[in-house]
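Remarks on the structure that follows.
2 protein chains.
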Amino acid sequence: MNVRSSAKKSLGRASLPPSLRAEGNRRRILEAALRLFAAQGFHGSSMRELAAVAELQPSALYVHFPSKEQLLAELVRAGHEAHHDALRTALLEAGSDPAAQLTALVRVHVRMHASYPELAIVVNSEMAALSEELAAPGMALRRQAAALLRDVVDRGTAMGKFFPPDAYAAAAAIAAMGLRVPYWYSAETGMSIERLAEVHVELALRMLGAVRA
Amino acid sequence: MNVRSSAKKSLGRASLPPSLRAEGNRRRILEAALRLFAAQGFHGSSMRELAAVAELQPSALYVHFPSKEQLLAELVRAGHEAHHDALRTALLEAGSDPAAQLTALVRVHVRMHASYPELAIVVNSEMAALSEELAAPGMALRRQAAALLRDVVDRGTAMGKFFPPDAYAAAAAIAAMGLRVPYWYSAETGMSIERLAEVHVELALRMLGAVRA
DNA sequence: GTCTATACTATGATAGAC
DNA sequence: GTCTATCATAGTATAGAC
């Protein structure tokens with residue numbers, strides 16, 4: 220038997236996005252779930268552990284969420300919505316220049332992943348634990364977010380401003396850089412989130428052969 | 220309750236690296252575990268499911284592996300070793316030019332992740348399920364692999380051949396591109412693995428401001 | 001080395017008092 | 001809305017026959 224309980228990871232803080240309105244114990248439960256799911260995975264975390272972290276009895280969880288899966292679904296939904304809203308807003312404010320649009324998308328993409336690392340990890344790693352029905356809204360937002368980036372890359376390429384070796388792969392690679400940020404970046408390295416975002420913007424523009432707007 | 224059994228994912232093939240010597244039912248079990256762990260995660264897959272996929276009774280699994288965790292550890296070990304060996308060999312054959320070294324590393328990094336996507340997913344996503352002792356060898360190889368890349372980037376930068384906005388972040392971003400490949404790339408898109416690797420080489424060289432060797 | 005059968009524990013979720 | 005107590009099931013792993 221695995222004696223995971225004796226090798227408990229330090230869980231640290233875990234912050235929910237501002238868009239997620241939740242108070243009192245409902246919020247405590249969501250934060251506890253975020254910490255646990257990010258550190259141990261959905262299937263690797265039990266409702267008993269969750270209750271312990273939230274300082275409640277297991278049965279009290281079910282007053283706020285009908286099931287463990289619905290709890291995960293709420294986190295995943297909030298994460299996808301916060302991410303997609305941030306991307307869409309950034310793009311709207313970026314004007315019509317492809318390089319400015321790409322800059323805006325990469326900046327906010329990286330910023331979100333560095334600011335809410337646990338949420339990003341849960342959203343990206345634990346979606347397979349959701350039923351198709353519960354995963355569908357998140358999957359849709361994910362496809363839309365990917366399309367936002369691909370459209371910017373495609374448009375810039377068509378306009379003769381970007382020169383990617385392959386537009387699809389380049390878009391995937393740009394997204395990938397940001398997606399991995401929560402797994403390695405720590406503010407304690409001395410690099411600020413804003414600087415991290417600017418570095419990624421520069422890398423992305425270089426990948427596309429663009430010049431800074 | 221989740222009715223996952225009624226929404227079973229199609230699991231597809233799952234190939235072990237050539238370096239992993241295993242035959243007969245031991246191999247079948249490893250392949251079944253690779254498929255299941257990649258699709259549902261370690262904690263999301265039961266020994267009963269595993270036995271069913273391997274077409275054995277659950278008790279037969281324990282003749283070949285002492286525990287579920289040891290089974291995962293074997294996959295994770297094989298994956299890390301294959302990856303690290305490939306990187307090291309590629310670097311040895313690349314000569315002394317930083318751009319050539321980077322090209323070799325990125326090429327093999329991407330090739331491995333595209334050729335063994337399930338293994339890459341398990342290695343990257345399920346290591347938290349291992350005890351510290353069982354995870355340690357893999358973590359060590361991972362650190363060494365990251366150091367190989369960072370050293371090439373640092374040396375090329377010191378030699379005035381690379382011009383990254385930030386060497387550490389650039390190395391992390393280059394690694395990240397490859398790590399995400401298993402999650403989006405499919406040979407059915409029409410792009411070959413070799414072409415995918417070359418595209419990533421080009422992207423990485425651009426990120427560093429280098430010229431092709 | 002594989003099978004049938006089963007032990008023991010952990011898990012998600014519920015009942016009912018307060 | 002939280003608690004104590006508990007149910008029903010699924011989980012890892014083992015025993016013993018062949």
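Going line by line, the protein sequences match chains A and B.
Just so you know, the first sequence maps onto residues 220 to 432 in the working numbering.
Just so you know, the second sequence maps onto residues 220 to 432 in the working numbering.
Glycine included, each C-beta is placed from N, C-alpha and C at the ideal position.
Measure the alpha-carbon distance for W403(A) versus P356(B) and round it to whole angstroms.
Looking up residue 403(A) in the first sequence gives position 184. Looking up residue 356(B) in the second sequence gives position 137. Distance between the alpha carbons of W403(A) and P356(B) is about 19 angstroms.
Put L310(A) into one of helix, strand or coil per three-state DSSP.
Locating residue 310(A) in the first sequence gives position 91, where the first residue counts as 1. Reduced to three states, the DSSP call for L310(A) is helix.
Hey, is E413(B)'s beta-carbon within less than 8 angstroms of any beta-carbon in chain A?
Counting from 1 along the second sequence, the entry for residue 413(B) is found at position 194. No, E413(B) lies away from the interface with chain A (no Cβ there is under 8 angstroms from its Cβ).
For A296(B), I'd like the list of residues in its chain whose CB is within less than 7 angstroms of its CB, leaving aside the five on either flank, ordered along the chain.
Residue mapping note: residue 296(B) aligns to position 77 of the second sequence, counting from 1. Here the sequence assigns Arg to residue 296(B), which means Ala is not the residue at that position. Around R296(B): P356, G357.
With burial defined as no fewer than 16 other Cβ atoms inside 10 Å of the residue's Cβ, what is the status of A377(B): buried or exposed?
For the purposes of this step, residue 377(B) is identified with residue 158 of the second sequence, where counting begins at 1. Result: exposed.
With the cut-off set at 8 angstroms, would you say M426(B) and A392(B) are in Cβ contact?
Here residue 426(B) is taken as the residue at index 207 of the second sequence, counted from 1. Here residue 392(B) is taken as the residue at index 173 of the second sequence, counted from 1. In this structure, A392(B) lies closer than 8 angstroms to M426(B) by Cβ.
Could you list the residues in the stretch 370-394 of chain B with a C-beta less than 7 angstroms from some C-beta on chain A, going in chain order?
Correct list: P384, D385, A388, A389, A391, A392.
Buried or exposed for V215(B), please, with buried defined as at least 16 other CB atoms from any protein chain shown within 10 angstroms of its CB.
Since the displayed chain B opens at 220 and closes at 432, residue 215(B) lies outside it and no answer follows.
Assuming R326(B) and V420(B) make a contact with CB atoms under 8 angstroms, what is their CB distance in whole Å?
Here residue 326(B) refers to the residue found at position 107 of the second sequence. Here residue 420(B) refers to the residue found at position 201 of the second sequence. R326(B) to V420(B), Cβ: 6 angstroms. Contact.
With respect to the alpha helix (DSSP H) encompassing T322(B), which residues constitute its N-terminal and C-terminal limits?
Indexing the second sequence from 1 puts residue 322(B) at position 103. Counting along the chain, the alpha helix (DSSP H) containing T322(B) begins and ends at 317-334.
For V418(B), would you say it is in contact with chain A, using Cβ-to-Cβ distances shorter than 8 angstroms as the test?
Here the question's residue 418(B) lines up with position 199 in the second sequence. Taking Cβ atoms only, chain A reaches closer than 8 angstroms to V418(B), which makes this a yes.
With DSSP as the reference, label S344(B) as helix, strand or coil.
Taking the first residue of the second sequence as position 1, residue 344(B) is located at position 125. It is helical.
Between G298(A) and chain B, is the shortest Cβ-Cβ distance under 8 angstroms, so that the two count as touching?
Taking the first sequence and counting its residues from 1, one reaches residue 298(A) at position 79. By this cut-off, G298(A) is not an interface position.
Counting only runs that start and end within the stretch 244-281 of chain A, where is the alpha helix (DSSP H) found for 4 or more residues in a row?
Listed in chain order, they are 266-273.
So what's M433(B) in DSSP terms, helix, strand or just coil?
Nothing about residue 433(B) can be read from this structure; chain B reaches only from 220 to 432.
If the cut-off is 9 angstroms on Cβ atoms, which residues from the stretch 251-277 of chain A count as contacting chain B, listed in chain order?
Listed by position along the chain: A258, Q259, G260, F261, H262, G263, S264.
With H, G and I counted as helix, E and B as strand and the rest as coil, what does DSSP make of M410(A)?
Start at 1 with the first residue of the first sequence, and residue 410(A) comes out as number 191. M410(A): coil per DSSP, three-state reduction.
Taking Cβ-Cβ distances shorter than 9 angstroms, what residues in chain A pair up with N399(B)?
Here residue 399(B) refers to the residue found at position 180 of the second sequence. Looking at the sequence provided, one finds Arg at residue 399(B) rather than Asn. Ordered by position in chain A, the residues that pass the 9 angstroms Cβ test against R399(B) are A391, A392, A394, A395, M396, L398, R399.
Buried or exposed for Q320(B), please, with buried defined as at least 16 other CB atoms from any protein chain shown within 10 angstroms of its CB.
Here the question's residue 320(B) lines up with position 101 in the second sequence. Counting Cβ neighbours within 10 Å, Q320(B) comes out buried, since at least 16 surround it.
Below 6 angstroms CB to CB, which residues in the same chain sit around A233(B) once its five sequence neighbours on both sides are set aside?
One-based indexing of the second sequence puts residue 233(B) at position 14. These residues qualify, in order along the chain: E250, L253, R254, E337.
Using the Cα positions of A394(A) and Q276(B), report the straight-line distance between them to the nearest angstrom.
Here the question's residue 394(A) lines up with position 175 in the first sequence. Here the question's residue 276(B) lines up with position 57 in the second sequence. The straight-line gap from Cα to Cα measures roughly 43 angstroms.
Which of the three DSSP states, helix, strand or coil, is assigned to G231(A)?
Walking along the first sequence from the start, residue 231(A) turns up at place 12. DSSP places G231(A) in coil when its eight states are reduced to three.
If you run the structure through DSSP and keep just helix, strand and coil, what is R240(B)?
In the second sequence, the residue the question calls residue 240(B) occupies position 21. Residue state, collapsed to three classes: coil.
Please state whether DSSP places L349(A) in a helix, a strand or coil.
Taking the first residue of the first sequence as position 1, residue 349(A) is located at position 130. It is coil, neither helix nor strand.
Does S334(A) come within less than 8 angstroms of chain B when only Cβ atoms are used?
In the first sequence, counting from the first residue as 1, residue 334(A) sits at position 115. It does not: the Cβ of S334(A) has no partner Cβ on chain B nearer than 8 angstroms.
Can you grab the Cα-Cα spacing for the pair A292(B) / L310(B), in whole Å?
Residue mapping note: residue 292(B) aligns to position 73 of the second sequence, counting from 1. Residue mapping note: residue 310(B) aligns to position 91 of the second sequence, counting from 1. Looking at the two C-alpha atoms, the distance is approximately 27 angstroms.
Would you grab the beta carbon distance between M331(B) and M396(A) for me? Rounded to a whole angstrom, and I think it's under 8 angstroms.
Mapped onto the second sequence, residue 331(B) falls at position 112. Mapped onto the first sequence, residue 396(A) falls at position 177. Between M396(A) and M331(B) the Cβ distance is about 19 angstroms, and since that is not below 8 angstroms, they are no contact.
Just checking: is the beta-carbon of L422(A) within a distance shorter than 8 angstroms of some beta-carbon in chain B?
Taking the first residue of the first sequence as position 1, residue 422(A) is located at position 203. Yes, because at least one Cβ of chain B sits closer than 8 angstroms to the Cβ of L422(A).
For a cutoff of 8 angstroms on Cβ pairs, would you count G243(A) as touching chain B?
Your numbering for residue 243(A) matches position 24 in the first sequence. Closer than 8 angstroms: no.
Looking only at C-alpha atoms, which of H262(B), A365(B), S405(B), A301(B) sits nearest to S238(B)?
Along the second sequence, one-based indexing puts residue 238(B) at 19. S238(B) has its Cα closest to that of A301(B), out of H262(B), A365(B), S405(B), A301(B).
When we look at the beta-carbon of G409(A) and count the other beta-carbons within 10 Å, is it buried (16 or more) or exposed?
In the first sequence, the residue the question calls residue 409(A) occupies position 190. Exposed: under 16 other Cβ atoms inside 10 Å.
Given that A347(B) touches chain A, what residues does it touch there, using C-beta distances under 9 angstroms?
Numbered from 1 along the second sequence, position 128 holds the residue referred to as residue 347(B). Result: K228, A258, Q259, G260, G263.
So which residues of chain B does S344(A) contact, with C-beta pairs closer than 9 angstroms?
Translated into the one-based positions of the first sequence, residue 344(A) becomes position 125. Chain B residues near S344(A): G260, S344.
Quick one: is S344(A) buried, meaning 16 or more other Cβ sit within 10 Å of its Cβ, or exposed?
Reading the first sequence from its first residue, position 125 is the one you call residue 344(A). Classification for S344(A): buried.
Which residues mark the beginning and the end of the alpha helix (DSSP H) in which P401(A) is found?
Position 182 of the first sequence, counted from the start, is the residue given in the question as residue 401(A). From DSSP, the alpha helix (DSSP H) with P401(A) extends over 386-403.
If distances are taken between C-alpha atoms only, which option among G243(B), Q259(B), V272(B) comes closest to S350(A)?
Position 131 of the first sequence holds residue 350(A). Closest by alpha carbon: Q259(B).
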